[in-house]
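Accompanying notes for the structure given below.
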Amino acid sequence: MTAIIGISAAQLTEQVPNTISRNGTYVGGDYVSVVAKSGAAPFVIPVTETRLVTTFVDQIDGLILSGGQDVSPALYGADSQAKLGAICPTRDLFELALLKEALLQKKPILAICRGAQLLNVALGGTLHQDTSYIENANLAHMQQDGATRATHDIQVAKASRLHSILGNTARVNSFHHQAVDKLGTGLKITATAPDGVVEAIEKEGAPFVVGVQWHPELIAERDASMQHLFRDFVKNAELGALKQFYNAPANFKKRATLR
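Per full-length UniProt numbering, the sequence shown runs over residues 1 to 259.
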């Protein structure tokens with residue numbers, strides 16, 4: 001059974017150049033291609049009404065929360081600070097509902113950059129609104145190099161899913177200025193940068209709920225370890241889909257074989 005991987009999309013609020021579209025749904029092509037190359041079917045989930053999240057999550061076998069705008073500090077009860085970037089409250093609320101439904105249904109989740117921050121907030125955590133507010137943070141977390149170039153190392157915690165995939169260390173790219181502050185309930189830190197900034201989190205007791213602060217989809221083509229990250233995620237989605245199939249009523253199995 002081919003796993004279906006939902007990829008959360010960004011919402012464009014301005015006119016799309018050279019088109020008549022007033023707005024649009026957008027997801028980076030690298031998310032789509034890396035999912036397909038990992039043996040799964042990518043399924044882009046637009047920002048829309050929250051009442052539809054159950055329908056979306058019912059149809060997918062795993063969820064990727066993609067990168068994008070800053071997460072609004074209003075979600076964790078904080079005031080905006082001077083270095084807060086652009087936010088999209090509509091996307092925040094939709095993705096929070098999408099994420100919580102995926103957690104409820106125990107679907108594998110890979111949360112990337114903004115997605116990792118949203119995962120932390122969804123479970124009661126908070127964020128640094130800019131890495132300059134973090135004592136001793138001295139790396140260029142918003143790198144100026146090309147997107148496909150890894151620019152700093154991370155240290156991966158033992159006894160973590162990431163450690164089984166990446167080993168003790170990995171080299172990653174970096175395009176964020178927000179970062180995990182107070183950790184959400186049930187989460188553990190599983191990777192850090194040399195300056196102490198949190199680079200990865202995982203939900204304890206979950207088959208696969210992983211948040212990474214870098215963009216593995218942009219470096220997977222050259223980095224075998226990042227390919228392994230997506231393949232492990234997809235493998236968990238496939239296993240979950242098979243379990244659901246064998247435990248489901250006959251009418252569900254008939255529909256599943258048609259897909």
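Don't be surprised by glycine CBs; every beta carbon is placed ideally from N, CA and C.
For serine 8, which three-state DSSP category applies?
Of the three classes helix, strand and coil, the one that applies to serine 8 here is strand, per DSSP.
Per DSSP, glycine 211 forms a beta bridge with which residues?
Paired residue(s): Ala111, Ile201.
On the CB-based measure, 16 or more other CB atoms within 10 Å of its CB, does aspartate 58 come out buried or exposed?
Per the 10 Å Cβ criterion, exposed.
Only counting the same chain, and skipping five residues up and downstream in sequence, which positions put a Cβ closer than 7 Å to that of valine 16?
Hits under 7 Å: Gly24.
Is the segment 92 to 105 touching the segment 178 to 197, taking contact as three or more C-beta pairs under 8 Å?
No: the two stretches stay apart, fewer than three of their Cβ pairs being nearer than 8 Å.
For a quick check, are the C-beta atoms of tyrosine 26 and glutamate 217 less than 8 Å apart?
No, these two residues do not count as a Cβ contact at 8 Å.
Please return the same chain residues whose Cβ sits closer than 7 Å to the Cβ of glycine 124, not counting the five positions on each side in sequence.
If we look at glycine 124 and ignore the five residues flanking it on each side, its Cβ neighbours are Gly184, Thr185.
So, do the segment 117 to 135 and the segment 67 to 80 have three or more beta carbon pairs nearer to each other than 8 Å?
Judged by Cβ distances under 8 Å, the segment 117 to 135 makes contact with the segment 67 to 80, as three or more pairs qualify.
Take alanine 237 and list the residues in its own chain whose beta-carbon comes closer than 7 Å to its own, dropping the five residues that flank it on each side.
Around alanine 237: Ala3, Ile5, Ala40, Asp61, Gly62, Pro108.
What residues match up with proline 42 in a beta bridge as DSSP calls it?
Its beta-bridge partners are Ile5.
By the 10 Å Cβ neighbour count, where 16 or more other Cβ atoms means buried, how is leucine 104 classified, buried or exposed?
Per the 10 Å Cβ criterion, exposed.
Can you list the beta strand (DSSP E) stretches of 3 or more residues lying completely in the segment 170 to 194, in chain order?
The qualifying runs are 187 to 192.
Taking just the CA atoms, how far does alanine 36 sit from proline 42?
Cα to Cα, the separation comes out at about 6 Å.
Which residue or residues does DSSP assign as beta-bridge partners of tyrosine 26?
BP columns for tyrosine 26 point to Ala10.
Take aspartate 130 and list the residues in its own chain whose beta-carbon comes closer than 6 Å to its own, dropping the five residues that flank it on each side.
Once the five neighbours on either side are set aside, the close Cβ partners of aspartate 130 are Lys83, His177.
Below 8 Å on the Cβ atoms is my contact criterion, and I expect threonine 151 with tyrosine 76 to pass it. Report the Cβ-Cβ distance as a whole number of Å.
Incorrect: roughly 28 Å between the Cβ atoms, too far for contact.
Alpha carbon to alpha carbon, what distance is there between cysteine 113 and leucine 232?
Inspection of the sequence shows that residue 232 is occupied by aspartate rather than by leucine. Using only the alpha carbons, I get a separation of about 18 Å.
Is alanine 179 near glutamine 213, with beta carbons less than 8 Å apart?
Taking 8 Å as the Cβ cut-off, alanine 179 and glutamine 213 qualify as a contacting pair.
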